[in-house]
Structure formats: C-alpha cells, structure tokens
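In what follows, a structure is listed as structure tokens, so that the remarks can point back to it.
Numbering (my numbering), first residue to last: 14 to 225.
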C-alpha cells in the first residue's frame, strides 16, 4: 500500500507539473472576454476538465494500439516524448502568461470555437507532452495496480485543475501575473528534469538493444 501511495504521489507531481494549472489558468483568462462572470468561468472549468479526462482515457486505452499500429518501440517513444517535454519546459521557462490575443483574434475565436474545448483543454492544458507522458507511464506499468495509480493521479490533478480554473479570477487577483509566471517557470524546471529522465532511460535501453 505504501508503494502504491508513493507511486500516486510521484505521478501526481509529474502530471501537475505538465498541466501547470496555475500558469495555464492565466492563459485561459487571456482568451476569455474581460467581463466574464464567475458562473461562466465555472462552466468553462467544467467543460475543460471533462475534456481532458476524456482525452486521458482515450490515450490510456488506445495508446498501446497506436504504438503497435505504427511499430513504435517504447524506448523510442521515451526519447521523442522527452524531447517534446524539453520543448514544453523551455516554453514554460521563457513564456509570458500575461500575453493576450488581439481584439480581432479574440473576437474571431469567440465566434467560431468553443474555447473551453479548443484551445483551452486541447492543446493548452492537455498537449503533446501530456500525451507522450501518459503512454510512457502506461508502458512502464507492470500491473493493474500501477495502471490504477496512473488513473488516480490524473483524476486528482483533474480535480485540482477544476478547482484552480473555477477560481482563476480570484487567483489572478491574489497572486498577480508575476507570481503566476514564477510558478510556471518552476514547473518548467520540473518538467525539464522529467524529460531528461525519459531521454536518458530511452537512449540507454535502445543502446543495449542494438548493441547486443
């Protein structure tokens, strides 16, 4: 039981760092109209959370099928997934969450798309880095307990994300944009460290396989 709890905690930290709900909530607010109400924010938070949970389940169930279909080795995915995470980390470290769309761009998006699904849920919240991480973690799982830990860790983060997104107006007023940027950069360091582990693990395994 202790190892299960430790696994859930470890993977929860990984998911939290990649999702970066505090930082991405600032992006969400920049995409929504300035006079948005708490009720509207709650609806956006709910639809965004529901979308990423569905996306998670789809990737978790069909991820291995996709790998088999294209003949992709697990360790190759670790390497490319790590590279994607490094790019994500670099973007987090250099990004400015206060950036807003122009009025014309904002109006165009509001007229044509449901922002809570695209782009807030996908790809801002649930991007390529999360996609790769879920598949890699599932590949590393050796039992149903490990799979259960992955699911529980993501659901915990989905709940946290919903709470943070729902209260994003309060968080923005309380923390300010600067504090949100700092948190995002710290999460970027964590994501970068995870990426390095994936890359090294994948390269070592591929080297051993091809040098036999």
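Beta carbons: idealized from backbone N, C-alpha and C, even for Gly. Fair warning: this is a prediction, and the values are worked out from it, not measured in the lab.
For the region 162-173 against the region 193-202, do three or more pairs of beta-carbon atoms, one drawn from each stretch, fall closer than 8 Å, so that the two count as touching? Contact fails: fewer than three Cβ-Cβ distances are below 8 Å.
Margin query: Can you tell me where the alpha helix (DSSP H) holding residue 157 begins and where it ends?
Written below: If you number the chain shown from 1, residue 157 lands on position 144. Residue range 157-179 is occupied by the alpha helix (DSSP H) that includes residue 157.
Practice task
Consult DSSP for residue 186 and reduce its assignment to one of helix, strand or coil.
Solution key: Counting from 1 along the chain shown, the entry for residue 186 is found at position 173. Note: residue 186 maps to helix in three-state DSSP.
Neighbourhood of residue 219 by C-beta distance below 8 Å, restricted to the same chain and skipping five residues each side
Within the chain shown, numbered from 1, the residue matching residue 219 stands at position 206. Taken in chain order, the residues that qualify are 86, 88, 89 and 92.
Which residues in the same chain as residue 139 place their Cβ atom closer than 6 Å to its Cβ, once the five residues preceding and following it in sequence are excluded?
Along the chain shown, one-based indexing puts residue 139 at 126. The answer, listed in chain order, is 65 and 68.
Requested in this report: Could you tell me whether the Cβ atoms of residue 158 and residue 30 are closer together than 9 Å?
Outcome: Here the question's residue 158 lines up with position 145 in the chain shown. Here the question's residue 30 lines up with position 17 in the chain shown. Not closer than 9 Å, so no.
Our contact map puts residue 76 next to residue 147 with C-beta atoms below 8 Å; I'd like the distance itself, whole angstroms only.
Indexing the chain shown from 1 puts residue 76 at position 63. Indexing the chain shown from 1 puts residue 147 at position 134. Correct: roughly 6 Å between the Cβ atoms.
Beta-carbon within less than 8 Å of residue 10's beta-carbon, same chain only, minus the 5 sequence neighbours each way: which residues are those?
In this structure the chain extends from 14 to 225, so residue 10 is not present and cannot be described.
Per DSSP, what kind of secondary structure is residue 30 in: helix, strand or coil?
Within the chain shown, numbered from 1, the residue matching residue 30 stands at position 17. Helix, per DSSP.
Report yes if the C-beta distance between residue 182 and residue 54 is below 9 Å; otherwise report no. Within the chain shown, the letter at position 169 stands for residue 182. Within the chain shown, the letter at position 41 stands for residue 54. Taking 9 Å as the Cβ cut-off, residue 182 and residue 54 qualify as a contacting pair.
Quick one: using the 10 Å Cβ neighbour count with 16 as the cut-off for buried, is residue 127 buried or exposed?
-> By 1-based counting over the chain shown, the position of residue 127 is 114. Classification for residue 127: exposed.
query = Apart from the five residues just before and just after residue 133, which ones in its own chain have a Cβ nearer than 6 Å to its Cβ?
reply = As a first step, residue 133 must be located in the chain shown, where it is residue number 120. Correct list, in chain order: 41 and 61.
* Asked: Would you report the Cα separation of residue 20 and residue 26, rounded to the nearest angstrom?
  -> Taking the first residue of the chain shown as position 1, residue 20 is located at position 7. Taking the first residue of the chain shown as position 1, residue 26 is located at position 13. Annotation: residue 20 to residue 26 spans about 10 Å, alpha carbon to alpha carbon.
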